[in-house]
Amino acid sequence: MPPVPACWQGACESGVEFKSSHCNKKLFGACSFIKGVKQGVFNISKPDDYDSPRDYEGHGTRTSSTAAGRHVPFANYFGYANGTAIAVAPASDTLAGMDQAIEDGVDLMSLSLGFIEMPFYENPIALGAFAAMGKGIFVSCSAGNGGPHAYAIHNGAPWITTVGSGTIDRDFAAHVTLGMYIFCDFNDQVSVFQQLYDMNSTGAAGAIFSSDSRQFLRPDDFNMPFVTVIPKPAPQVAVSSSRGPGRIAPWILKPDILAPGVDILAAWVPNRKGAPIRDDYLLTDNNIVSGISMASPHVVGRAALLKATHRDWSPAAI
1 MPPVPACWQG
11 ACESGVEFKS
21 SHCNKKLFGA
31 CSFIKGVKQG
41 VFNISKPDDY
51 DSPRDYEGHG
61 TRTSSTAAGR
71 HVPFANYFGY
81 ANGTAIAVAP
91 ASDTLAGMDQ
101 AIEDGVDLMS
111 LSLGFIEMPF
121 YENPIALGAF
131 AAMGKGIFVS
141 CSAGNGGPHA
151 YAIHNGAPWI
161 TTVGSGTIDR
171 DFAAHVTLGM
181 YIFCDFNDQV
191 SVFQQLYDMN
201 STGAAGAIFS
211 SDSRQFLRPD
221 DFNMPFVTVI
231 PKPAPQVAVS
241 SSRGPGRIAP
251 WILKPDILAP
261 GVDILAAWVP
271 NRKGAPIRDD
281 YLLTDNNIVS
291 GISMASPHVV
301 GRAALLKATH
311 RDWSPAAI
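Using the UniProt record's numbering, you'd call the opening residue of the sequence shown number 1 and step up by one each time.
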């Protein structure tokens with residue numbers, strides 16, 4: 001990789017399971033903003049999290065790899081979805097992180113988190129994003145996982161690019177094992193996972209569920225045979241994606257844009273559970289995840305390409 005540009009600033013903070021030497025020409029800044037957590041009632045312990053920049057749950061790994069990860073040829077999820085992988089803290093901690101990013105001179109921010117809606121002048125993300133906008137920094141935020149209900153939007157300030165979650169046309173090609181199958185009416189009061197587990201416990205090789213709602217049946221990864229057949233899998237708004245308008249400013253049309261957020265192949269932390277296999281899990285370097293958090297990184301990654309080509313473009317121009 002080429003040398004780090006002089007305008008790139010940042011510091012790497014050592015801590016539990018993370019050394020400053022882990023930083024390189026790709027990762028040149030890694031800090032932990034947890035003073036607010038420590039002042040509160042929360043405790044940070046190694047079994048539950050790391051008191052350091054190290055990612056424990058996997059959320060930061062998958063979002064950052066989507067936004068700015070290098071091309072990883074033949075990335076896959078246990079042989080499926082082969083392709084090339086491209087790239088809530090307390091309010092005080094979130095704002096501290098945004099302030100540090102502004103001081104470091106970043107060009108863009110992606111925040112896959114949100115707070116309960118409150119006036120913009122009290123919302124830490126809205127305040128931090130406003131300051132970032134004043135410095136010419138593009139800010140992309142996830143709309144929230146409150147769908148399909150209306151007035152569920154998060155991060156609805158007009159100076160933020162609010163991103164909704166949509167489906168993609170990914171499929172999971174596999175061999176079908178012929179055997180005894182059961183046809184069932186889908187029960188939307190019970191999770192798909194539980195219904196599949198019940199069918200599996202009967203000795204069935206697979207199950208066929210029927211439903212007239214795309215809200216409950218969509219492509220996903222399960223620990224037994226599962227096929228979703230719908231007329232048009234993409235592009236569709238994900239059922240979990242928060243719908244607008246926002247409660248604080250309902251006259252502002254939000255979200256601004258839809259980005260992939262369902263069945264996204266991304267990097268994963270190797271010490272966290274990956275693929276479910278009956279009552280156990282396999283470990284993996286790549287995982288397929290869904291949620292609004294995966295949408296914003298896609299947008300900020302594209303915005304980074306635009307900013308690199310047009311250095312004089314403002315956040316509004318992008």
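Where is the CB? At the ideal position from N, CA and C, for every residue including glycine.
Buried or exposed: which applies to residue i, given that a residue is buried once 16 or more other Cβ atoms fall within 10 Å of its Cβ?
| i | result |
| --- | --- |
| PRO148 | exposed |
| LYS135 | exposed |
| HIS71 | For HIS71, the pLDDT reaches just 47, beneath the cut-off of 50, and the residue's location in the model is therefore unreliable, leaving the point undetermined. |
| LYS289 | First, the amino acid is wrong: residue 289 is Val here, not Lys. Result: buried. |
| LEU305 | exposed |
| ALA96 | buried |
| ILE264 | buried |
Would you kindly work out how many angstroms separate the C-alpha atoms of residue i and residue j, rounded to a whole number?
| i | j | result |
| --- | --- | --- |
| ASP169 | ARG243 | 22 Å |
| VAL299 | TRP268 | 20 Å |
| PRO260 | SER165 | 6 Å |
| GLY291 | VAL262 | 6 Å |
| ASP93 | ALA204 | 50 Å |
| GLY146 | SER240 | 6 Å |
| ASN123 | ASP198 | 44 Å |
| LYS307 | PRO158 | 20 Å |
| GLY114 | THR202 | 42 Å |
| ASN286 | MET294 | 14 Å |
| MET118 | ILE248 | 7 Å |
| GLN236 | PRO297 | 18 Å |
| ASP312 | GLU13 | 32 Å |
| GLN195 | ASP99 | 47 Å |
| SER21 | SER110 | 25 Å |
| VAL16 | ILE252 | 43 Å |
| LEU127 | THR309 | 28 Å |
| ALA317 | GLY301 | 16 Å |
| MET133 | ILE208 | 50 Å |
| GLN189 | ASN200 | 19 Å |
| PRO250 | SER112 | 22 Å |
Can you name the start and end residues of the alpha helix (DSSP H) that residue i belongs to?
| i | result |
| --- | --- |
| PHE130 | 124–134 |
| ALA308 | 295–309 |
| ILE264 | Premise fails: ILE264 lies in the beta strand (DSSP E), 264–267, not in any alpha helix (DSSP H). |
Go to residue i, then tell me how far its beta strand (DSSP E) extends in each direction, as first and last residue.
| i | result |
| --- | --- |
| VAL289 | 286–289 |
| VAL163 | 161–166 |
| ILE292 | Looking at the DSSP string, ILE292 is not in any beta strand (DSSP E), and its letter there is neither H nor E. |
| SER140 | 138–142 |
| ILE102 | Counting along the chain, ILE102 falls outside any beta strand (DSSP E), though it belongs to the alpha helix (DSSP H) covering 91–103. |
| ILE257 | 257–260 |
| SER241 | Neither: SER241 is in no beta strand (DSSP E) and is coded neither H nor E. |
| MET118 | No beta strand (DSSP E) contains MET118, which DSSP labels as neither H nor E. |
| SER110 | 108–111 |
Measure the Cβ-Cβ separation of residue i and residue j and say whether it is below 8 Å.
| i | j | result |
| --- | --- | --- |
| ILE125 | ASN155 | yes |
| ILE102 | PRO315 | no |
| ALA143 | THR162 | yes |
| ILE160 | ALA129 | yes |
| TYR121 | PRO245 | no |
| ALA303 | SER140 | yes |
| THR167 | ALA91 | no |
When the Cβ atoms of the stretch 251–265 are set against those of the stretch 94–107, are three or more pairs found closer than 8 Å? no
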